[in-house]
Ligand code: MG
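Given below as structure tokens:
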């Protein structure tokens, strides 16, 4: 069942989302070669707690950390480690969530560390743009699979592949609520979008095969062919006036920042 959120609930999710927007902005400027993934994790946890929020992933089904860090051919759910250091030329996926007064927000981004090849830069740009197109489909009256289709169409037009095994999700008082939000499919299917729905939309895109497998740590998902993968995510509310990205900062004059 898809739970619609009241204005009060949306306000709490917006607060949680803005904490994530601030921390991702900081990470974009801060992540550099030599940092361990555990140092990044600690920085994010400190930041979230300093804002009076709680990490959403820590302890979730036994996940041991605040963020998921997934480097290069790792797609999602990588576990931070003191032994794993970020290197020049890596692409680093960072997935983070937080909770404010019982309400969740969830977002992800993939950063290029230093110089990367043009096609790798394109992978990141196309994945980010596919998310923007998916968000643009979040109007009342559209269908759920219009979101899915927007991602797939854009990604495949650029010669990349969409991961099937993991999908986006509804979000609210739980991290994962109905409905599932696949990143592929025909348009015009599934439930009609309504004001008050909140969706975590998260395209996962690879440079090769879309097939993934999970490592022996039982969390880290990698591409089966070793190709690079990117992941971007926003928590998005469907409103009468169209989509509102909750995990993006709003300027005092109401303008949204570009992140
Ligand atoms: Mg998510």
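In this note's numbering, the protein residues as written are 186 to 444.
For glycine and all other residues, C-beta sits at the position ideal for the given N, C-alpha and C.
- For residue 398, the enclosing beta strand (DSSP E) covers residues 397–399.
- For residue 232 against residue 208, the beta-carbon gap comes to about 5 Å, under 8 Å, which counts as contact.
- If you draw a 10 Å sphere on the C-beta of residue 312, you find 16 or more other C-beta atoms in it, and that means buried.
- In the three-state DSSP reduction, residue 343 falls in the coil class, being neither helix nor strand.
- The stretch 209–218 makes no contact with the stretch 381–392: fewer than 3 CB pairs, one atom from each, lie closer than 8 Å.
- Leaving aside the five residues that flank residue 415 on each side, the residues in its chain whose CB is nearer than 6 Å to its CB run, in chain order, 295, 308, 309, 312 and 390.
- Relative to the ligand MG, the nearest heavy atom lies less than 8 Å away from the CB of residue 354.
- Put simply, the backbone Cα of residue 268 is about 7 Å away from that of residue 221.
- Counting along the chain, residue 428 sits inside the beta strand (DSSP E) bounded by residues 427–430.
- In terms of CA proximity to residue 377, 331 leads the group 399, 395, 331 and 362.
- Apart from the 5 residues on each side of it in sequence, residue 402 sits with its Cβ closer than 8 Å to the Cβ of 264 in its chain, given in chain order.
- The residue from 235, 426, 343 and 275 with its alpha-carbon nearest to that of residue 301 is 275.
- The stretch 189–207 and the stretch 247–261 do not touch, with fewer than three beta-carbon pairs separated by less than 8 Å.
- Our two residues, residue 425 and residue 320, have alpha carbons roughly 14 Å apart in a direct line.
- Around the beta carbon of residue 409, fewer than 16 other beta carbons sit within 10 angstroms, so the residue counts as exposed.
- 344 is the residue among 344, 225, 430 and 297 whose C-alpha sits nearest the C-alpha of residue 393.
- When the beta-carbon positions are compared, residue 333 and residue 370 come within less than 9 Å of each other.
- Residue 398 counts as exposed, since fewer than 16 other C-beta atoms from the protein chains shown sit within 10 angstroms of its C-beta.
- Annotation: residue 251 is outside any alpha helix (DSSP H) and is labelled neither H nor E by DSSP.
- DSSP, read as helix, strand or coil, puts residue 389 in strand.
- Residue state for residue 364 is assigned as strand, using DSSP reduced to three classes.
- Taking a contact as a CB-CB distance under 8 Å, the pair residue 290 and residue 432 counts as one, their CB atoms being some 6 Å apart.
- DSSP lists no bridge partner for residue 310.
- DSSP places residue 270 in the strand class (E or B) of the three-state scheme.
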